[in-house]
Amino acid sequence: MRKFKLAGRLGKSETATEDIKFGFDVNDGDSFLLTPETTHLSRVRCPDGVFELRKNSRGEHSLVAFECEAGSIADARKKFMLAVVPFLDLLTFNVNSPLFLTSISIEDSKNNIRALDYVSPYRPATLSPHFGSLFPELMPVFALYREAKNSGSSFYKFLCYHKLLDGIYGIMRANLFKQAKSKNITLTQQRDVVPDSPYIVESLRQHIGQSIKVFLDSTLTPRYRNAVAHFVTDDGGILNMSLPEHINSYAEILYVTELAVRVAIESYQSMLAELHSKG
Numbered sequence: 006m007r008k009f010k011l012a013g014r015l016g017k018s019e020t021a022t023e024d025i026k027f028g029f030d031v032n033d034g035d036s037f038l039l040t041p042e043t044t045h046l047s048r049v050r051c052p053d054g055v056f057e058l059r060k061n062s063r064g065e066h067s068l069v070a071f072e073c074e075a076g077s078i079a080d081a082r083k084k085f086m087l088a089v090v091p092f093l094d095l096l097t098f099n100v101n102s103p104l105f106l107t108s109i110s111i112e113d114s115k116n117n118i119r120a121l122d123y124v125s126p127y128r129p130a131t132l133s134p135h136f137g138s139l140f141p142e143l144m145p146v147f148a149l150y151r152e153a154k155n156s157g158s159s160f161y162k163f164l165c166y167h168k169l170l171d172g173i174y175g176i177m178r179a180n181l182f183k184q185a186k187s188k189n190i191t192l193t194q195q196r197d198v199v200p201d202s203p204y205i206v207e208s209l210r211q212h213i214g215q216s217i218k219v220f221l222d223s224t225l226t227p228r229y230r231n232a233v234a235h236f237v238t239d240d241g242g243i244l245n246m247s248l249p250e251h252i253n254s255y256a257e258i259l260y261v262t263e264l265a266v267r268v269a270i271e272s273y274q275s276m277l278a279e280l281h282s283k284g
């Protein structure tokens, strides 16, 4: 066990950053929460330590400073999340305003190690001038996909992706085959499976090669979708979107789900193209 110093940078929006800054101070963050001019900081005591909410030059809460005893960087981060984030949740409700935690700096003074938890940007992509056709049936699909990509919440992203899989393997494909049958067209079908990727965590690699429809019905819906959609898990527990275990669980399944969604959309798009070309 040793002492860790952590700093959480607050923000008015959840944005990715292209620079990694470990030593951020109060003027690097901001928020919609103001403090009186006579107040320098707010201090909160909790079982795992003491944290302070500090303000920037404009009087906005901009940084959370936290110290604790922990055995590792991961343990220190977990203590920060358990101690600080519920208080930020409470502040959000009390002032009825969004409050984003954009990055967390963790300092292990004993071993002279620093770690940073932050939202990374996407890699730049060059747009091809020949990107194909946009079929009317795919307009709501791409709209929901962009809604998911633009969100900073793993929980909301997952819900959007689940709705896409549910819609594609439900009424959308059924309508597609109905149209094809009415025109005496036999569509080329492929077996949509969960693709492989080296970034899939070990506990989820069992689903690689599994039918996406089976993956949707046997894993995504009962274990993840029902909890995030209904707030209450299948075993009667409550989904806590600020709890590290729940955050990590959805972050891990989200990556696999996105891979499956892209396969499903491309497969559906291919059959649509075939229908339009033959019809």
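Numbering (the working numbering), first residue to last: 6 to 284.
C-beta: ideal position from N, C-alpha, C; glycine also.
Just so it is clear, the structure is predicted and the values come from calculations on it, not from any experiment.
{"query": "Leaving aside the five residues before and after Leu93 along the sequence, list all residues of the same chain whose C-beta is less than 6 Å from its C-beta, in chain order.", "result": "Leu104"}
{"query": "Assuming Thr97 is part of the beta strand (DSSP E), what are its boundary residues?", "result": "Premise fails: Thr97 lies in the alpha helix (DSSP H), Ile78 to Val100, not in any beta strand (DSSP E)."}
{"query": "How is Arg50 classed by DSSP in three states: helix, strand or coil?", "result": "strand"}
{"query": "How big is the Cα-Cα spacing for Val268 and Ala256?", "result": "19 Å"}
{"query": "Would you call Asp201 buried or exposed, if buried means 16 or more other Cβ atoms sit within 10 Å of its Cβ?", "result": "exposed"}
{"query": "What residues match up with Leu68 in a beta bridge as DSSP calls it?", "result": "Arg14 and Arg59"}
{"query": "Does DSSP classify Ser36 as helix, strand or coil?", "result": "coil"}
{"query": "Nearest chain B C-beta to Phe29 closer than 8 Å, yes or no?", "result": "Absent from the structure is chain B; it holds one protein chain and no more."}
{"query": "Between which two residues does the beta strand (DSSP E) carrying Lys112 extend?", "result": "The sequence as given places Glu at residue 112; Lys does not occur at that position. Run containing Glu112: Phe105 to Asp113, per the beta strand (DSSP E) assignment."}
{"query": "What residue does the beta strand (DSSP E) around Tyr123 start on, and which one ends it?", "result": "Ile118 to Tyr123"}
{"query": "For Met144, report the span of its alpha helix (DSSP H) as first-last.", "result": "Met144 to Asn155"}
{"query": "Report yes if the CB atom of Phe182 is closer than 8 Å to the CB atom of Leu192, and no otherwise.", "result": "yes"}
{"query": "Mapping DSSP to helix, strand and coil, what is Phe236?", "result": "coil"}
{"query": "Assign Val199 to one of three DSSP states: helix, strand, or coil.", "result": "coil"}
{"query": "Determine the extent of the alpha helix (DSSP H) in which Met276 is found, giving its start and end residues.", "result": "Pro249 to Lys283"}
{"query": "Within this structure, are the beta carbons of Leu225 and His167 separated by less than 8 Å?", "result": "yes"}
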